[in-house]
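The structure appears below as structure tokens.
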Amino acid sequence: MRLLHTADWHLGKVLKGIDRTPEVAGALKALLEIVKTERVDLVLVSGDLFDRPQPSAEAEAHAVEFFLRLRELGVPALVIAGNHDPKERLEALSPLFAGVGATVRGRPLFREEGGVVEVKGLRAALLPFVSERILVKRVFQEEEERHRSYAEAMRRILDNLQSPLILAHFALEGARPGGGEFFFHLAGSYAVPPSALPLSARYLALGHIHRQQQASEAPVAWYPGSLIQLDFGEGEGAERGALLVELPPSGPPRVHPIRERWGKPLRTLRLAPEELDGRLEELRGFPGYLKVVVEGRLSPPVKERLFRALPGLLEVQHFGGEEPLPAPTQGPPSLVEAYRAYLKAKGREEEGLLARFGEVLEEVDREALAPDA
Ligand SMILES: [Mn+2]
């Protein structure tokens with residue numbers, strides 16, 4: 001059986017005001033060509049089809065188009081939701097997708113509930129992203145304990161779903177992220193230890209990390225990587241694309257990485273202020289998107305001139321900046337202050353409630369600041 005394994009499309013992604021959807025759509029067209037020319041039997045989509053819970057209509061249209069074309073080719077698909085996906089919506093639309101041969105799971109189900117399906121005689125487990133918060137944060141208090149309990153809970157779920165093929169959306173411990181090498185350690189993100197992967201699986205089709213890589217050898221687990229470079233923070237040289245997986249009746253799978261540079265290139269340049277003028281002509285011709293980090297002072301007029309000169313420029317950062325900070329003003333109250341005032345007005349000044357509110361705010365901050373995977 002020949003499988004095409006893809007993940008992390010992020011349809012609807014907007015980078016500094018630029019909608020990347022057309023670039024992702026271009027990559028999806030290329031995927032359909034591969035399905036055709038490589039005589040693929042089954043397509044696996046391991047989560048993050050969309051970039052956010054309320055994707056644009058255009059983003060949805062491209063996803064629908066992809067599965068309709070697949071049906072024309074007579075190729076079924078297995079699809080799971082990632083952390084970025086509108087999971088409830090995918091779940092709601094799953095009967096409709098089933099009509100065109102795509103089995104879609106928005107939320108995790110145990111084996112007994114339908115977490116394992118059979119397609120073309122192959123048994124496959126479908127494990128969409130499981131919210132770490134739901135899994136552990138409510139129950140365990142200590143950070144370390146939470147990480148341990150997350151790993152243990154995921155081990156039990158995977159154990160329950162044992163199948164020759166497993167689709168899942170999570171970070172596997174030891175996998176290399178797209179941006180910095182130490183991100184999992186630093187960000188304190190949740191990760192599944194390789195020992196939690198069931199050895200009975202012949203192939204684990206993972207999604208979540210945007211750099212293409214083999215994440216485990218026994219059992220064999222791969223990330224196909226994202227279709228396009230989604231962010232400046234993701235390594236410019238990081239492998240991405242898709243995976244062609246040959247699954248013989250017995251024996252190990254043969255994985256053929258398809259490394260592509262779909263979408264426009266993103267480049268981050270570090271320049272000294274005096275280098276700027278000399279590089280403008282060359283940078284004007286750059287076909288993708290640019291971020292310029294100026295190592296020094298930069299006056300607002302020069303910054304403005306940069307944006308005008310370089311149509312692909314999306315972001316300028318500089319150090320030792322020229323622009324004075326705006327004078328502190330009597331701004332709106334902080335959220336905590338506002339909540340305190342609200343509680344007071346309601347006659348419910350409970351410190352416990354306020355403390356919990358602060359914790360939730362911190363949680364939101366942490367999630368918002370965590371590198372995008
Ligand atoms: Mn992703």
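Residue numbers are given in full-length UniProt numbering: position 82 of the sequence shown equals residue 82, and the series is strictly consecutive.
A virtual CB, placed ideally from N, CA and C, is assigned to each residue, including glycine.
{"Check": "Strand pairing of Arg297, partner residues [DSSP]", "Outcome": "DSSP lists no partner for Arg297."}
{"Check": "Alpha-carbon spacing of Ala175 relative to Ala345, whole angstroms", "Outcome": "50 angstroms"}
{"Check": "Secondary structure of Pro194, DSSP reduced to three states", "Outcome": "helix"}
{"Check": "Reference Leu158; option with closest CA among Val43, Val292, Pro108", "Outcome": "Pro108"}
{"Check": "Check whether Tyr223 and Ala7 have beta carbons under 8 angstroms apart", "Outcome": "yes"}
{"Check": "Distance, Pro287 Cα to Val79 Cα", "Outcome": "33 angstroms"}
{"Check": "Nearest neighbour of residue 376, chosen from Lys36, Ala153, Glu359, Ala191 [CA to CA]", "Outcome": "There is simply no residue 376 to check, as the chain begins at 1 and stops at 373 in what is shown."}
{"Check": "Any C-beta of chain B under 8 angstroms from that of Pro76", "Outcome": "Among the chains of the structure shown, chain B does not appear; only one protein chain is present."}
{"Check": "Opening and closing residue of the beta strand (DSSP E) in which Pro259 lies", "Outcome": "A small fix is needed here, since residue 259 is Arg in this sequence, not Pro. It spans 254-259 - the beta strand (DSSP E) in which Arg259 sits, taken as one unbroken run."}
{"Check": "Distance cut-off 7 angstroms: Gly82 Cβ against heavy atoms of ligand 1", "Outcome": "yes"}
{"Check": "Straight-line Cα distance separating Lys29 from Leu247", "Outcome": "24 angstroms"}
{"Check": "8 angstroms contact criterion, which His10 and Leu314 should meet: CB distance rounded", "Outcome": "Actually they are not in contact, since the Cβ atoms of His10 and Leu314 sit about 17 angstroms apart, beyond 8 angstroms."}
{"Check": "Asp51 burial status per 10 Å Cβ neighbour count (16 or more: buried)", "Outcome": "buried"}
{"Check": "Shell residues, 5 angstroms Cβ cut-off relative to heavy atoms of ligand 1", "Outcome": "Asp8, Asp48"}
{"Check": "Pair within 8 angstroms by beta-carbon distance, Ser56 and Gly17", "Outcome": "no"}
{"Check": "Contact set for Pro193: own chain, Cβ-Cβ below 7 angstroms, skip 5 residues either direction", "Outcome": "Ala151, Glu173"}
{"Check": "Length of the line joining the Cα atoms of Ala168 and Leu161", "Outcome": "11 angstroms"}
{"Check": "Closest Cα partner of Glu91 within the set Val104, Lys303, Gly99", "Outcome": "Val104"}
{"Check": "Cβ-based neighbour list, Ile166, same chain, cut-off 6 angstroms, excluding 5 preceding and 5 following", "Outcome": "Ala125, Ala201, Leu204"}
{"Check": "As assigned by DSSP and simplified to three states, the class of Phe357", "Outcome": "helix"}
{"Check": "Sub-8 angstroms separation of Lys303 and Thr268 beta-carbons", "Outcome": "no"}
{"Check": "Reduced DSSP secondary structure (H/G/I, E/B, other) of Phe110", "Outcome": "coil"}
{"Check": "Assigned secondary structure, Ala218 (DSSP; H/G/I helix, E/B strand, else coil)", "Outcome": "coil"}
{"Check": "Residues near Val116 by beta carbon distance below 8 angstroms, same chain, minus five either side", "Outcome": "Arg123, Ala124, Ala125, Leu126, Leu161, Ser163"}
{"Check": "Closest Cα partner of Val360 within the set Arg348, Tyr342, Val336, Gly347", "Outcome": "Val336"}
{"Check": "Proximal residues to Phe97 (C-beta, below 6 angstroms), its chain only, five neighbours per side dropped", "Outcome": "Val104"}
{"Check": "Residues near Ala130 by beta carbon distance below 6 angstroms, same chain, minus five either side", "Outcome": "Here residue 130 is Val; the residue named in the question, Ala, does not match the sequence. So the list reads Pro108, once near-sequence residues are dropped."}
{"Check": "Backbone secondary structure at Pro324 - three-state DSSP", "Outcome": "Residue confidence is low: Pro324 scores 46 on pLDDT, short of 50, so the model does not pin down where it sits. No coordinate-derived value is stated."}
{"Check": "Among Glu295, Glu281, Glu274, Leu31, nearest to Arg308 - alpha-carbon criterion", "Outcome": "Glu281"}
{"Check": "Nonlocal neighbours in the same chain, by C-beta distance under 7 angstroms from Ala59, ignoring five residues either side", "Outcome": "Leu11, Gly12, Thr21, Phe50"}
{"Check": "Neighbourhood of Gly101 by C-beta distance below 6 angstroms, restricted to the same chain and skipping five residues each side", "Outcome": "Arg71, Pro76"}
{"Check": "Own chain, CB closer than 8 angstroms to Ala218, minus 5 neighbours either side, in chain order", "Outcome": "Leu199"}
{"Check": "Cβ-based burial, Ile209 [other Cβ within 10 Å; buried from 16]", "Outcome": "buried"}
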